[in-house]
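Q: Let me give you the structure first, and then I'll get to my questions.
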Amino acid sequence: MTINKLFLSILFLVVTHLTLAQNSSTCNCSTHVSFKDKTDYETLLPAVAVKKKNASEVIIYTRTDGESGNTHKELKLKFNQRGLVAAKTEYNESGQPHAQYDFERNGPGKIVKQRFNYLDSTTALTVAEFTDYYYDLKARLIKIKKRNEKGMVMPDIMADFTKYEYDNSNRITKEVVQYYGNSGRDTSSHITTYSYNDSKLTGQSQVFEHNKVSRIIKSQYDKHWKPLRETTYSSDGKTAIRYAIYEYDSQGRLNRLEVKGDGITTGRLNDGAFTEIYTYTAEGLISSIVRQYEDKKCEEVFEYNPALQKSPSIGL
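Here's what the structure looks like:
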């Protein structure tokens, strides 16, 4: 999968999670969700920049300006000597670690295996879960597949997996996601297809669920195939239910994202509007993400090595 398409996938996951949280009484910073099930940490944490900063880890804190205005720890990512993420710890609302991920990488630095453990109240590891990552000869990610509860690699027909296909320009053309149910009886899957118009720098994707189109997404890109505008339509392809605008700085980094509409839950374009502002360190690492919707605001701050002993004081 290309960096730009992975970048768009991250943003779609972030947007989806945020809109699902819009009805809460306080603003939920959720960009860390983009680090949960993805392998493209380098999008916002490029290895070259990590090494330039000489960072061994980054701790991600969230500050909300709701009723409590709390600052709490969300994630910790540890880097290896190459500046790549080697391990991840997730924290609960009390600031205690509750999940641990460890990543095995190949020679080129691609993740080939993920080990996941829940942490109990004594921070002891529970039974591990494993996920394998597969690449083609062009080093493009073509499959992510979970092993069974015994740690065995199962045939695709008996596993949870995501598969990707690409065109000659390394753009994703098809994504297939399968969830393996109870002995196969509840297995479900959905397919997303992608097409592109090179002369107009546009694209369209269709999401199929139960063999029927559930939504259609039309996109406008810049010359580097980074998304500029994205409109999500309901299954009829005519009713717009989400609209997004992406803005970049002179170095091609995302610095502003504006979203109008939900597109996932209510289906009403006027719901779920929010704006995100991204800032970066001198080395080019993400340093903060501020998002605001209605009268709510929250900030996610990335604190690099050395590890902090207490939560930072964050101004909004």
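Under the numbering used here, the first residue of the sequence shown carries the number 252, and numbering increases by one thereafter. Glycine residues also receive a C-beta, built at the ideal position from the N, C-alpha and C atoms. The model shown is predicted, which means the values in this text are computed figures rather than measured ones.
In the structure shown, what three-state DSSP assignment does H323 receive?
A: Indexing the sequence shown from 1 puts residue 323 at position 72. H323 falls in the strand class under three-state DSSP.
Q: Look at the alpha carbon of K474 and the alpha carbon of K303, and state the distance between them as a whole number of angstroms.
A: To locate residue 474, count along the sequence shown from 1; it is residue 223. To locate residue 303, count along the sequence shown from 1; it is residue 52. Answer to the nearest angstrom: the Cα atoms are 28 Å apart.
Q: DSSP puts A495 in a beta bridge; with which residues?
A: Position 244 of the sequence shown, counting from 1, holds the residue named residue 495. A495 is bridged to E481 and V510.
Q: Between which two residues does the alpha helix (DSSP H) containing K303 stretch?
A: Working through the sequence shown from its first residue, we reach residue 303 at position 52. Run containing K303: A298 to K304, per the alpha helix (DSSP H) assignment.
Q: Give the C-beta separation of T483 and I492 to the nearest angstrom, bearing in mind that I take them to be a contact with Cβ-Cβ under 8 Å.
A: Against the sequence shown, residue 483 aligns to sequence position 232. Against the sequence shown, residue 492 aligns to sequence position 241. The pair is a contact, with the Cβ atoms about 6 Å apart (cut-off 8 Å).
Q: Tell me where the beta strand (DSSP E) around R356 begins and ends.
A: Here residue 356 refers to the residue found at position 105 when the sequence shown is read from its first residue. P348 to R356 is the span of the beta strand (DSSP E), which, as asked, contains R356.
Q: Within this structure, are the beta carbons of S486 and P478 separated by less than 7 Å?
A: The count along the sequence shown starts at 1 and reaches residue 486 at position 235. The count along the sequence shown starts at 1 and reaches residue 478 at position 227. For S486 and P478, no; Cβs fall outside 7 Å.
Q: Excluding five sequence neighbours on each side, which residues of the same chain lie with their C-beta closer than 7 Å to the C-beta of A308?
A: Taking the sequence shown and counting its residues from 1, one reaches residue 308 at position 57. The residue asked about is misnamed: residue 308 is Glu in this sequence, not Ala. If we look at E308 and ignore the five residues flanking it on each side, its Cβ neighbours are K327, L328, K329, F330, N556 and A558.
Q: Which residue comes first and which comes last in the beta strand (DSSP E) that contains Q332?
A: Residue mapping note: residue 332 aligns to position 81 of the sequence shown, counting from 1. Q332 -> no beta strand (DSSP E), and no H or E assigned at all.
Q: Expressed to the nearest angstrom, what Euclidean distance is found between the alpha-carbon atoms of G503 and I408?
A: In the sequence shown, the residue the question calls residue 503 occupies position 252. In the sequence shown, the residue the question calls residue 408 occupies position 157. Each residue's Cα considered, the two are about 41 Å apart.
Q: How many Å lie between A272 and K324 at the Cα?
A: Here residue 272 refers to the residue found at position 21 when the sequence shown is read from its first residue. Here residue 324 refers to the residue found at position 73 when the sequence shown is read from its first residue. Residue confidence for A272 is low, a pLDDT of 38 falling below 50, so the modelled location carries little weight; the figure read from the coordinates is stated next. Their backbone Cα atoms lie some 19 Å apart in a straight line.
Q: Along the chain, where does the beta strand (DSSP E) containing N462 start, and where does it finish?
A: Locating residue 462 in the sequence shown gives position 211, where the first residue counts as 1. Premise fails: N462 is in no beta strand (DSSP E) and is neither H nor E.
Q: Which of the three DSSP states, helix, strand or coil, is assigned to Y415?
A: Indexing the sequence shown from 1 puts residue 415 at position 164. Y415 falls in the strand class under three-state DSSP.
Q: Buried or exposed: which applies to R436, given that a residue is buried once 16 or more other Cβ atoms fall within 10 Å of its Cβ?
A: Against the sequence shown, residue 436 aligns to sequence position 185. That one is exposed.
Q: Skipping 5 residues on each side, what residues in its chain have a beta carbon closer than 7 Å to that of I393?
A: On the sequence shown, position 142 is the one that residue 393 refers to. Y385, Y386, D387, K414 and Y415, listed in sequence order.
Q: By alpha-carbon positions, which one of E527, K489, T490 and A337 ends up nearest to N506?
A: The residue labelled residue 506 in the question sits at position 255 within the sequence shown. For the residues E527, K489, T490 and A337, the minimum Cα distance to N506 belongs to E527.
Q: Run through DSSP, which three-state label would T294 get?
A: Position 43 of the sequence shown, counted from the start, is the residue given in the question as residue 294. Note: T294 maps to helix in three-state DSSP.
Q: Would you give the residue range spanned by the beta strand (DSSP E) that N368 belongs to?
A: The residue given as residue 368 occupies position 117 in the sequence shown. Start and end: I362 to Y369.
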